[in-house]
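Contents: one structure, followed by commentary.
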Amino acid sequence: MSANLINMLMEATWQTIYMVAVSALIGAVCGLPIGTFLACSQKGELLSAPAVNKVLGTVVNATRSVPFIILVVAIIPFTRMIAGTSIGTTAAIVPLTIAAIPFIARLIENAIREVDSGLIEAARAMGATPLQIIRKVLIPEALPGITLGLTLAVVSLIGYSAMVGAVGGEGLGDLGIRYGYQRFMPDVMAMVVVILIVLVQLVQSAGEWIARRVDKRAPRNRGA
Amino acid sequence: MQRDTMAGAAITFDAVGKSFDADGRRVVALDGVDLEVPAGAITGIIGRSGAGKSTLLRMVNGLERPTSGRVMVGGRDVGTARGSALREIRREVGMIFQHFNLLSSRTVLGNVALPMEIAGVPAGEIRRRAADLVARVGLEALSGRYPAELSGGQKQRVGIARALATGPKVLLSDEATSALDPETTQTVLRLLADINRDLGLTILLITHEMAVVRDIASHVAVIDGGRIVEQGETYDIFTTPAHATTRSFLAGVTGVTLPRFIAERMSSEPPAGPSREVIRITFLGERATDPLLAQMSGALGLEVNILAGAIEEIGARPFGNLLISVPADRGAEARAYLESNQQRTEVLGYVG
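Chains as they are written, first to last, in my numbering: chain V, 14 to 237; chain P, 377 to 728.
Given below as structure tokens:
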């Protein structure tokens with residue numbers, strides 16, 4: 014394999030990491046409050062707002078129903094508004110983020126719903142405000158689940174990032190299609206696949222390691 | 377520890393009712409409950425599951441609101457309090473739970489610190505006070521452990537330390553020993569009694585075990601079908617239960633029942649021929665330990681057969697329950713002798 018190809022692979026790897034990292038970060042920052050709200054706003058819950066919950070839930074579901082490749086193309090005008098261009102790696106972050114937010118929100122909602130309702134009751138009995146309950150009880154207690162949820166989201170985003178070649182986004186997926194497939198370079202394709210496997214493996218292992226560290230629910234984790 | 381002398385607050389339930397709609401049906405959980413919980417005492421509410429005792433308890437800190445009537449804690453109306461006024465009341469009412477409800481993500485010390493963080497206590501004071509409280513419940517050595525590493529009794533101790541963190545005037549106990557084994561139950565009850573004595577706070581506990589009431593409560597209310605059917609001092613309720621529900625709860629703890637081979641042969645009228653009268657004697661007060669039967673046997677020249685019996689203590693006051701039989705024709709004489717010595721008697725039946 015030529016030095017040129019190796020450079021291209023390295024650059025594509027970096028582009029993938031860049032797109033996934035930025036979209037996962039923004040997705041988490043936006044998904045955390047949305048997921049938390051979804052988990053606490055049904056009738057009779059902490060932030061009881063059933064109508065808003067319903068609307069937000071529907072929006073989240075709608076976004077998640079659109080296949081990613083369609084989403085990428087469908088929101089091109091919006092992408093141009095945000096990124097100033099609809100073509101390129103940075104522009105590709107916009108659809109990735111739009112896909113990440115509702116996905117992460119649902120994962121966080123599920124993690125928070127797993128928290129024992131007895132803890133919410135105990136915190137209410139202490140005189141905690143709803144925001145204190147979220148900040149001091151729900152999120153810390155849901156942290157192992159949130160960590161695993163974010164890991165799943167990052168792995169999915171690595172997969173999604175392979176499709177952004179459709180709007181001129183680069184990265185490993187795009188390299189694999191343009192060189193490995195269209196120019197019949199099976200060695201490039203193989204390298205792309207190997208790098209993707211390694212990336213996903215690293216993310217998954219790191220996520221599980223962090224989740225184990227923050228999970229104090231089983232005694233065996235002492236001093237882990 | 378600071379605020380060691382903080383006095384307890386009285387709790388008053390005034391015609392409290394609670395009903396809600398479930399599946400289109402009106403369900404009445406509480407119906408006209410009047411109850412005075414004396415300040416600084418330990419009061420037990422006993423009832424079967426579904427009797428409404430949990431609903432009643434949770435009204436004291438506003439986790440449930442009455443649909444009618446008033447709940448007053450230390451002179452403040454909990455039922456109508458909202459927002460910050462309600463949160464302020466809640467800081468003066470600690471609560472412990474059957475399943476402990478500790479945060480798995482926090483250490484022992486961190487769990488005890490939580491109510492103070494919520495109340496906005498300065499960090500230095502939180503550290504000092506949390507360490508004091510953990511020591512108070514005897515868990516210094518475990519202060520850095522997580523709840524998953526503790527036994528049930530240790531978890532409940534953390535729960536108690538946490539409930540005391542904001543210096544409450546009232547401590548609510550929601551079946552706090554129901555998930556514990558008998559021995560651990562005793563140590564937790566002793567801790568609650570010590571806290572009541574040392575801090576003078578009011579303890580209101582709900583339970584379905586009469587033994588818990590006997591062991592620490594000075595006052596008791598029996599709840600059945602959303603109503604208080606009997607209330608008073610534990611000693612009086614134990615020695616002279618008036619309501620059938622109370623008696624059925626007591627049957628399990630006073631432990632004095634007729635041996636079955638006698639119970640099966642017993643009739644309510646004396647049979648023909650020689651027979652014996654079965655009498656229940658309730659010994660009260662200091663005379664509970666008098667050798668009265670021996671005295672009676674000597675004074676009346678009576679042959680007394682003891683069938684079952686026990687002497688128990690409620691608070692520091694003993695009371696005994698004894699089942700005896702005497703010849704049926706001399707039953708009235710024996711009862712008169714006992715009554716003249718301030719004992720209560722009851723004819724249970726006759727055996728041939």
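No residue lacks a Cβ here, since even glycine has one placed at the ideal position from N, Cα and C.
These numbers come from a predicted model, not from an experiment.
Chain-ordered chain P contacts of residue 52 of chain V [CB-CB under 8 Å]: One-based indexing of the first sequence puts residue 52 of chain V at position 39. Neighbours of residue 52 of chain V on chain P: none; closest Cβ ~17 Å, over 8 Å.
Below 6 Å CB to CB, which residues in the same chain sit around residue 440 of chain P once its five sequence neighbours on both sides are set aside? Position 64 of the second sequence holds residue 440 of chain P. Hits under 6 Å: 431 and 434.
Going along the chain, which residues of its own chain have a beta-carbon closer than 6 Å to the beta-carbon of residue 190 of chain V, five neighbours each way excluded? Your numbering for residue 190 of chain V matches position 177 in the first sequence. For residue 190 of chain V, where only same-chain residues beyond five positions count, the Cβ hits under 6 Å are 178.
Are the beta-carbon atoms of residue 265 of chain V and residue 102 of chain V separated by less than 8 Å? The first residue shown for chain V is 14 and the last is 237, placing residue 265 of chain V beyond what the model contains.
Which value, in whole angstroms, describes the spacing of the CA atoms of residue 245 of chain V and residue 53 of chain V? Given a span of 14 to 237 for chain V in the structure shown, any question on residue 245 of chain V remains unanswerable.
Compare the C-beta of residue 57 of chain V with all C-beta atoms of chain P and state if any pair is closer than 8 Å. As a first step, residue 57 of chain V must be located in the first sequence, where it is residue number 44. Chain P contact via Cβ: absent.
At 8 Å on the CB atoms, spell out the chain V contacts of residue 716 of chain P, in chain order. Translated into the one-based positions of the second sequence, residue 716 of chain P becomes position 340. What residue 716 of chain P touches in chain V: nothing, since even the nearest Cβ is about 53 Å away.
What residues from chain V crowd round residue 477 of chain P, counting only those whose CB sits closer than 8 Å? Residue numbering aside, residue 477 of chain P sits at position 101 when the second sequence is read from its first letter. Within 8 Å Cβ-Cβ: 129, 131, 132, 134 and 135.
Give me the Cβ distance between residue 492 of chain P and residue 550 of chain P, rounded to the nearest whole Å; I'm assuming they're in contact under 8 Å. To locate residue 492 of chain P, count along the second sequence from 1; it is residue 116. To locate residue 550 of chain P, count along the second sequence from 1; it is residue 174. In fact, because the Cβ distance is near 21 Å, the residues do not count as touching under 8 Å.
Closest Cβ-Cβ distance between residue 141 of chain V and chain P: below 8 Å? Position 128 of the first sequence, counted from the start, is the residue given in the question as residue 141 of chain V. Chain P contact via Cβ: present.
When DSSP labels each residue in this structure, what does residue 81 of chain V get in the three-state scheme? For the purposes of this step, residue 81 of chain V is identified with residue 68 of the first sequence, where counting begins at 1. Residue 81 of chain V falls in the helix class under three-state DSSP.
Between residue 138 of chain V and chain P, is the shortest Cβ-Cβ distance under 8 Å, so that the two count as touching? Here residue 138 of chain V corresponds to residue number 125 of the first sequence, with the count starting at 1. It does: the Cβ of residue 138 of chain V has a partner Cβ on chain P nearer than 8 Å.
Starting from residue 398 of chain P, follow the beta strand (DSSP E) in both directions and report where the run begins and ends. On the second sequence, residue 398 of chain P is found 22 positions in, with the first residue counted as 1. Start and end: 387 to 398.
So that I know if they touch, is there some Cβ in chain V lying closer than 8 Å to that of residue 566 of chain P? Stepping through the second sequence from its first residue, residue 566 of chain P is reached at position 190. Closer than 8 Å: no.
Would you tell me roughly how many angstroms separate the C-alpha atoms of residue 60 of chain V and residue 70 of chain V, rounded to the nearest one? Your numbering for residue 60 of chain V matches position 47 in the first sequence. Your numbering for residue 70 of chain V matches position 57 in the first sequence. Taking the straight line from one Cα to the other gives about 15 Å.
Contact between the stretch 106 to 122 of chain V and the stretch 459 to 466 of chain P: three or more CB pairs below 8 Å? no
Between the stretch 573 to 603 of chain P and chain V, which residues of the former have CB atoms less than 7 Å from a CB of the latter, in chain order? none
In chain V, which residues lie less than 8 Å from residue 396 of chain P when you measure between Cβ atoms? Here residue 396 of chain P corresponds to residue number 20 of the second sequence, with the count starting at 1. Simply none; closest approach about 11 Å.
Roughly how many whole angstroms lie between the Cα atoms of residue 693 of chain P and residue 712 of chain P? The residue labelled residue 693 of chain P in the question sits at position 317 within the second sequence. The residue labelled residue 712 of chain P in the question sits at position 336 within the second sequence. Cα to Cα, the separation comes out at about 25 Å.
Spatial neighbours of residue 107 of chain V in its chain, beta-carbon cut-off 8 Å, leaving aside the 5 residues before and after: Along the first sequence, read from residue 1 onward, the residue named residue 107 of chain V stands at position 94. So the list reads 88, 91, 92, 95 and 96, once near-sequence residues are dropped.
I need the DSSP call for residue 694 of chain P, collapsed to helix, strand or coil. Position 318 of the second sequence, counted from the first residue, corresponds to residue 694 of chain P. Strand, per DSSP.
State the start and end residues of the unbroken alpha helix (DSSP H) segment that holds residue 129 of chain V. For the purposes of this step, residue 129 of chain V is identified with residue 116 of the first sequence, where counting begins at 1. Counting along the chain, residue 129 of chain V falls outside any alpha helix (DSSP H), and DSSP gives it neither H nor E.
Is there at least one Cβ from chain A nearer than 8 Å to residue 493 of chain P's Cβ? The structure shown has no chain A; the protein chains it does contain are V and P.
Between the alpha carbons of residue 407 of chain P and residue 389 of chain P, how many angstroms are there, rounded? Reading the second sequence from its first residue, position 31 is the one you call residue 407 of chain P. Reading the second sequence from its first residue, position 13 is the one you call residue 389 of chain P. Near 11 Å, if we compare the C-alpha coordinates of residue 389 of chain P and residue 407 of chain P.
Under 8 Å, do residue 552 of chain P and residue 528 of chain P count as touching if we go by C-beta distance? The residue given as residue 552 of chain P occupies position 176 in the second sequence. The residue given as residue 528 of chain P occupies position 152 in the second sequence. Cβ atoms of residue 552 of chain P and residue 528 of chain P: not closer than 8 Å.
CB-CB length for residue 174 of chain V against residue 184 of chain V, believed under 8 Å: As a working note, residue 174 of chain V is residue 161 in the first sequence. As a working note, residue 184 of chain V is residue 171 in the first sequence. Contact flag correct, Cβ pair sits at about 5 Å.
Would you say residue 437 of chain P faces chain V, with C-beta separation under 8 Å as the test? For the purposes of this step, residue 437 of chain P is identified with residue 61 of the second sequence, where counting begins at 1. For residue 437 of chain P, the answer is yes, since a Cβ of chain V falls inside 8 Å of its Cβ.
Alpha-carbon to alpha-carbon, residue 673 of chain P and residue 680 of chain P: Taking the first residue of the second sequence as 1, we reach residue 680 of chain P at position 304. Taking the first residue of the second sequence as 1, we reach residue 673 of chain P at position 297. Our two residues, residue 680 of chain P and residue 673 of chain P, have alpha carbons roughly 7 Å apart in a direct line.
If you measure from the beta carbon of residue 147 of chain V to each beta carbon in chain P, is any gap under 8 Å? Against the first sequence, residue 147 of chain V aligns to sequence position 134. No, its Cβ sits nowhere closer than 8 Å to a Cβ of chain P.
Just to confirm, is the Cβ distance from residue 547 of chain P to residue 509 of chain P under 8 Å? What you label residue 547 of chain P is simply residue 171 of the second sequence in a count that begins at 1. What you label residue 509 of chain P is simply residue 133 of the second sequence in a count that begins at 1. No, the Cβ-Cβ distance between residue 547 of chain P and residue 509 of chain P is not below 8 Å.
Of the residues P/459, P/653 and P/696, which one's Cα is nearest the Cα of residue 666 of chain P? The count along the second sequence starts at 1 and reaches residue 666 of chain P at position 290. Closest by alpha carbon: P/696.
Of all the options P/488, P/445 and P/670, which has the alpha carbon lying nearest to the alpha carbon of residue 515 of chain P? Position 139 of the second sequence, counted from the first residue, corresponds to residue 515 of chain P. Per the Cα distances, P/488.
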